[in-house]
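Engineer: Sharing a structure below in C-alpha cells format, with a few things to ask.
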Amino acid sequence: MTPAGSTPRWGILLLVTALVIAAAGTYAAIAFGRFQESMAAASSARVASGVAELTKATVLFRNTASGQGYGMIGSVPLSEPAGARSLTDVACDRVYGTLQDIVCLKTNRGLVTNFEAVLLDPDWQQTRSWAVPGIPSRTRMNTDGSLVATTVFVTGHSYGSAGFSTETSITAAQGGGGTGSLEDFALLVNGTRITAADRNIWGVTFVPGQSDTFYATAASSGRIWLVKGSISARTLTAVHDGVECPSISPDGTRIAYKKNTGGPLAAHWRVALLDLATGTETVLSEQRSVDDQIEWLDDQTLLYGLARDGAAGDSDIWQINVDPASRSALYIEHAWSPSVVR
Amino acid sequence: MLRQEGSAIYLSISDRNGGKKDLASADLSPAGPRGKPFRLSPVILCLGLVSMLTDVSSESVSAILPLYITGFLGLSTIAFGILDGINQGASAIVRIAASHASDRLGRPKGVALAGYGLSMLARIGLLFASGFWALTGVVTADRIGKGIRTAPRDALIAVSAQPEYLARHFGVHRMLDNIGAASGPLLAFFILMLVPNGYGIVFVVSLAFAAVGVAALALLVPNLKTGAPGGSKPAGKTGPAWGFRWRLLREPGIGRLLVAAGILGLLTVGDGFIYLVLQDRDSFAVQWFPLLYVGTNVVFLVLAVPLGRLADRWGKARVFVAGHVALLACYLLAAAPLGGLGPTVACLVLLGAFYAATDGVLAALASQLTPPDKLATGLGAAQTVVALSRMAASAGFGVLWFALGPSTAMTVVGSCLAAAVAASWFILRGGLRQRTAV
C-alpha cells in the first residue's frame, strides 16, 4: 500500500468532500436566508412608533422578540407592561439604568469579538465606554448613577479550555478609575481572611442611598456567601450563606436572590428572599430554575428573566409577589434584563 | 550487536516509507544527519492535513462555545469550569490506555481513527445538545477523542519520517495543525459576524471539516506498522526493553526526558495567566484579547519547521531546553513594568517560539528514545507528563498569583524556571554522557 493511496481512494475522498461541502453549504445558505428574512420581518412583539424615551416609571429591557429590533434596548411604561414597547437602536446583552444614565454591556461581533461596557445619556448617545474582559453577565448602577458594577464571564484562557471564571468590578461612571477586580478585595469569613486562589465574585447590588456599601456573591472551594462590601476599606465580609446574585429592595431591608437547591454541578435556582434584620430566608413559589439577578419592581414585587421554551435566544420577564403563597405571572414577553427606572 | 539492532529498526522504517537501504548507515554516522536530502513523507503531509481539518473543526467550536453557552443558551458557566479539571484528568487516563492499545495492536491507525471519529460524533451531538449535561457529554467526548488520537497519530508520524529529519517532520505536522488552530476561530467569528445567532451554522461547518478529516485519514493514510522490525515475525517479543535502545542514540534516555519534561512542565503556568498579566497592565490586551491566542498560534506555525530543522542539526534536547528559555524571557517581559504594544507582541512571539521549540520536538525526542514496540506508549507518556505537570503548574500559580500579585508571582516562577532549565539540561546531558561512555 503506497502512502498516497490509489486513485480510487482519492476519488472517494473527493466525492465525500463534495457531498459534505454541498450539505453544509446548503444548511448555511438556508440559515443565512432565514436570518435575513427575520431581520427584515416586522417584530413579533407590538412596537410603538418612534424612539423610546427615558422617563420615570418605565422598565428598560433587552428586546428578544424576533424580527426588527432584536437585541435592542426597549422600554414599556410601568402602567402598561404588556402594551406596545418602544425601542432604541442600541444593542445590549445586559442593560441597567437610572433617569440620567444607562449602562449597557455589549458584545462587539467581528473577526475579533470583544466586549465592552457603554454608558448612555437619556438620548441613548454614548458618553463613555471601556473594554470588559469577557461575556456580559450582570450589571448594576447605584441610585445616583455614579457607580457602575459589571460582572462578566472570563472565557477560557485558551481556545481549547472550557474553564470559566467571573470578573466583577465597580467603575466610577464619570471616570477616575474604580475598584479594579473585586477579587483583590480582602474576603473575610467569620473574621478569617480567605486567600484561596479560586475566589470568584459576582452579582453586585448597591445599597440605596449609600455611596460606599454594596452586596455581592463570593465563592471559594465550593462555598458561596452573601458578602457586604466596602469600597473605601476594600473588604468583602461574609454575612450569610448560599446567596447568589443578590438584589437589595428599594427600602433596603431585604435581599432577593437565587438559591441553589440542586447540586453544585446540576444547579436548580429558586427565587428567595433574605430579611437583613432577622436573617430569615423565604423561598418563593416559582418552581422553574431562575438564573438571573432579580430586579425589584416595587417593595412587594420581583422581576426576573426566564428563557422561553423551545425558542433559543428568546426569553420572557416574569413577576412574582414576595408573599410565598403568590404565583408568578408573565410580565413582559420576549424580553430580558429588566431594569426599573424610578 | 546493539548497532545492528538499531540499524535494523531504521531499515524497516525506511522500507515502509519507500526509502533507501543506505539510511541506516547515514543515521549511525556520528557526523550527523546531513547525509541525505530531506523528503517530506506523503503520510505526514496527509496526517498534517487531517490535523488541520480537525483543528479548524474543534477550534471553531471552542472559540464560540462560551458565547453559545452563556450568551445564547443562558446557562451559567462556572460549573463547566469545575468539570474541566475532571475532563483533563480523564483525558490523561484515556491517553495512556489508547497508546498502550496502539502498541499492542502494532498498528496505530485504527486507534487514531477511533479518536478522530469520536470527536466527529461529538460534533453531531452538539447540534442537538442544549442542556448542561448534554453539553458536558459532548465536550467530554471531544476531549476523550483528542486524548485517544494524539499518541497513535504521533507514532504514525515517527515511523513515516526519515529518522535524521524527525523533528523537522514533526515541525511540518505542527505547522499544518496550527494553521487549522489559527483559522478555526476566525472562521467561526466570521460566521457569527454574518449571522449573529448562527451557532447552528458554525456547528454544521465544524462537523463538515471533521467529517472530511476523518475521511482523509481513513482513505489516504496507510495502515502502517509500528513495533519491532521484521514485520509479523515474533521479533516483538525479543525487541529491546525499556532503556535499552537509547544508548544507541545521540540523545539521552526516555526516563530522563520524562523527568526533565515534568520539571519544566511544573513551571509552565499556561498561556491564560500570561494573557491575564498582559491584560492586567494594558487595556490594549483586553480589547484584543482573542487575538492573543491567534497571534501565539501564528508564531507557532511560522517557527515550527525552522525550529524542527534546528533540532535535527543542533540537538533536539538542546532546542527543547532552549524553548523554555524563550518561555522564561516571556515571563520576565510580562512581569516587567512595561505597557503598550511592543512588549505585548514580544511576549506573544516568545510564547509562540516556546511552543514551536517544545511541542513537536518533544514528540520527536520521545519517539526517538522509545523502543519501537512501545512507540505510542512513549509518546503518550511524554504528553501525559507534560499535560499533568502543566495542570499542576496552573493550579499552583493561581495560589501564588493571589498571594503575591501577578508581577511578583511571574518573577518567582521565572526564577524557578531558570533553575529548572539548568537542572533539566544537566539531567539530559547526564543521559548524553552515559551514551558516550558506551
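Respectively, the protein sequence lines represent chains B and U.
This note's numbering puts the first residue of the first sequence at 1, with every later residue one more than the last.
This note's numbering puts the first residue of the second sequence at 1001, with every later residue one more than the last.
All C-beta atoms in this analysis are idealised placements derived from N, C-alpha and C, irrespective of residue type, glycine included.
1. Below 8 Å on the Cβ atoms is my contact criterion, and I expect U:SER1160 with U:LEU1224 to pass it. Report the Cβ-Cβ distance as a whole number of Å.
2. Let me confirm a value: U:ASP1022 is counted as buried when at least 16 other C-beta atoms fall within 10 Å, else exposed. Which label applies?
3. Within 10 Å of its beta-carbon, does U:ALA1098 have 16 or more other beta-carbons around it, so buried, or fewer, so exposed?
4. For a quick check, are the C-beta atoms of B:LEU361 and B:ILE102 less than 7 Å apart?
5. Give the interface partners of B:GLY110 over in chain U, defined as CB-CB distance under 7 Å, in chain order.
6. Can you give the Cα-Cα distance for B:THR409 and U:LEU1258, rounded to whole angstroms?
7. Which whole-angstrom value describes the C-beta separation of B:TRP202 and B:THR237, a residue pair presumed to lie in contact below a C-beta threshold of 8 Å?
8. For the beta strand (DSSP E) containing B:VAL148, name the first residue and the last one.
9. Tell whether a beta-carbon distance below 7 Å holds between U:LEU1121 and U:PHE1203.
10. Which chain U residues sit within Cβ distance under 8 Å of B:SER137?
11. Among U:SER1102, U:THR1358 and U:GLY1147, which one has its Cα closest to the Cα of U:GLY1089?
12. Can you tell me whether B:THR346 is helix, strand or coil according to DSSP?
13. Is it true that the CB of B:ALA24 sits closer than 7 Å to the CB of U:VAL1050?
14. According to DSSP, simplified to helix, strand and coil, what is U:ASN1197?
15. Please state the DSSP three-state secondary structure of B:PRO246.
16. If we count Cβ pairs, one from each stretch, closer than 8 Å, do we get three or more for the segment 1326 to 1337 of chain U versus the segment 1416 to 1431 of chain U?
17. Quick one: grab the DSSP three-state call for B:HIS268.
18. Return the Cβ separation of B:ILE231 and B:LEU284 in integer angstroms, given the expectation that the two are a contact with Cβ distance under 8 Å.
19. Decide if U:THR1344 is buried, meaning its Cβ has at least 16 other Cβ atoms within 10 Å, or exposed.
20. Taking three-plus beta-carbon pairs below 8 Å as touching, is the segment 214 to 221 of chain B in contact with the segment 239 to 253 of chain B?
21. Check whether chain U comes within 7 Å of B:ASN63, counting only Cβ atoms and requiring the distance to be less than that.
22. Do U:ALA1155 and U:LEU1375 have their CB atoms nearer than 7 Å?
23. Should B:GLN293 and B:ARG138 be called a contact, given that it needs their Cβ atoms to be closer than 7 Å?
24. When DSSP builds the beta bridges, which residues end up paired with B:VAL132?
25. Can you give the Cα-Cα distance for U:GLY1295 and B:THR301, rounded to whole angstroms?
26. By Cβ distance, which residues of its chain are closer than 7 Å to U:ALA1261, with the 5 residues on each side in sequence left out?
27. I need the DSSP call for U:PHE1128, collapsed to helix, strand or coil.
28. Would you say the segment 1289 to 1305 of chain U touches the segment 104 to 114 of chain B, given that touching needs at least three Cβ pairs under 8 Å?
29. Please work out which residues of its chain come closer than 6 Å, Cβ to Cβ, to U:ALA1167, disregarding the five sequence neighbours upstream and downstream, and give them in chain order.
30. U:SER1130 versus chain B: which residues are under 9 Å apart at the beta carbon?
31. Using C-beta distances below 8 Å, list every residue in its chain close to U:LEU1217, excluding the 5 sequence neighbours before and after it, in chain order.
32. Could you work out which residues of chain B lie near U:GLN1287, taking near to mean beta carbons separated by less than 9 Å?
33. So B:ASP241 contacts chain U; which residues on that side make the cut at Cβ distance below 9 Å?
34. Thinking C-alpha only, which one of U:ASP1055, U:ALA1092 and U:ALA1409 is nearest U:GLY1380?
35. Give the single residue among B:VAL341, B:ASP275, B:GLY262 and B:THR64 whose Cα lies nearest to the Cα of B:ARG254.
36. State the start and end residues of the unbroken beta strand (DSSP E) segment that holds U:LYS1036.
Structural biologist: According to the data block:
1. At roughly 7 Å, the Cβ-Cβ gap stays under 8 Å, so U:SER1160 and U:LEU1224 are in contact.
2. Low confidence applies to U:ASP1022: its pLDDT is 32, below 50, so where it sits in the model is not reliable, and the reading given next is rough at best. It is exposed - the Cβ of U:ASP1022 has fewer than 16 other Cβ atoms within 10 Å.
3. Residue burial annotation: U:ALA1098 is buried, with at least 16 other C-beta atoms found within 10 angstroms of its C-beta.
4. Nothing about residue 361 of chain B can be reported from this structure: the residues present for chain B run from 1 to 342 only.
5. Correct list: PHE1189 and MET1193.
6. Nothing about residue 409 of chain B can be read from this structure; chain B reaches only from 1 to 342.
7. Not confirmed; about 17 Å, so no contact.
8. Element bounds for B:VAL148: 147 to 154.
9. Note that the C-beta distance between U:LEU1121 and U:PHE1203 is not below 7 Å.
10. Result: THR1070.
11. It is U:GLY1147 whose Cα lies nearest to the Cα of U:GLY1089.
12. Outside the shown range of chain B (1 to 342) lies residue 346 of chain B, about which nothing can therefore be said.
13. No.
14. Coil.
15. Reduced to three states, the DSSP call for B:PRO246 is strand.
16. Result yes; three or more Cβ-Cβ pairs closer than 8 Å.
17. Here B:HIS268 sits in coil by DSSP.
18. About 31 Å separates the two Cβ atoms, so there is no contact after all.
19. Buried, because 16 or more other Cβ atoms sit within 10 Å of the Cβ of U:THR1344.
20. They touch, by the three-pair rule.
21. It does not; no Cβ of chain U falls within 7 Å.
22. In this structure, U:LEU1375 lies closer than 7 Å to U:ALA1155 by Cβ.
23. Contact: yes.
24. The bridge partners DSSP lists for B:VAL132 are B:PHE115.
25. When rounded, the distance between both Cα atoms is 50 Å.
26. So the list reads LEU1362, ALA1382, VAL1385 and VAL1386, once near-sequence residues are dropped.
27. Of the three classes helix, strand and coil, the one that applies to U:PHE1128 here is helix, per DSSP.
28. Put simply, the segment 1289 to 1305 of chain U touches the segment 104 to 114 of chain B. At least three CB pairs are less than 8 Å apart.
29. Only residues of its own chain outside the window of five on either side were considered, and among them GLY1308, ALA1311, ASP1312, LYS1316, VAL1361 and ALA1364 have a CB closer than 6 Å to the CB of U:ALA1167, listed in chain order.
30. Counting only Cβ-Cβ distances below 9 Å, U:SER1130 has contacts in chain B at ALA312, in chain order.
31. Same-chain partners within the cutoff: CYS1046, LEU1047, VAL1050, LYS1109, ALA1112, LEU1113 and TYR1116.
32. Ordered by position in chain B, the residues that pass the 9 Å Cβ test against U:GLN1287 are VAL112, ASN114, GLU116 and ALA131.
33. What B:ASP241 touches in chain U: nothing, since even the nearest Cβ is about 17 Å away.
34. Ranking U:ASP1055, U:ALA1092 and U:ALA1409 by Cα distance to U:GLY1380 puts U:ALA1092 first.
35. Taking only the C-alpha atoms, the option nearest B:ARG254 is B:ASP275.
36. No beta strand (DSSP E) holds U:LYS1036; DSSP gives it neither H nor E.
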